[in-house]
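For reference, the structure is listed below as structure tokens.
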Amino acid sequence: MLTAVESVLALDAGFWFEFADPEAPQRVQAGQLRPDWNKRGFLVARYRTLLENLITAEIGTDTRAWVTERPRLLGWPT
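Numbering follows the working numbering, with no gaps: position 14 of the sequence shown is 146.
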């Protein structure tokens with residue numbers, strides 16, 4: 133889930149604008165339409181500190197490598 137959210141947030145607005153073209157999905161599959169990764173994360177950068185502060189207030193400081201402790205989050209078979 134986090135990977136999907138991060139991917140959506142990382143795409144630039146110009147990339148989304150291209151989806152007004154009905155051929156956009158085919159262009160993505162062909163590799164002709166790609167996001168500009170230099171613009172990635174504009175929303176993440178804006179909200180990261182706010183979200184981290186909220187998480188810290190809710191659960192305390194996160195000092196554990198919890199993602200690697202739950203291999204299914206990384207797509208590993210169980």
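In this text, a Cβ means the ideal position worked out from N, Cα and C, and glycines have one as well.
Is residue i buried or exposed, if buried means 16 or more other CB atoms sit within 10 Å of its CB?
i, result
"Gly-192", "exposed"
"Met-133", "Only weak support is given to the placement of Met-133: the predicted model assigns it a pLDDT of 45, under 50, and the value that follows is read from those uncertain coordinates. The residue is exposed, with fewer than 16 neighbouring Cβ atoms inside 10 Å."
Using only alpha-carbon positions, find the residue among the options that is nearest to residue i.
i, options, result
"Phe-147", "Arg-180, Leu-183, Leu-186 and Asp-168", "Asp-168"
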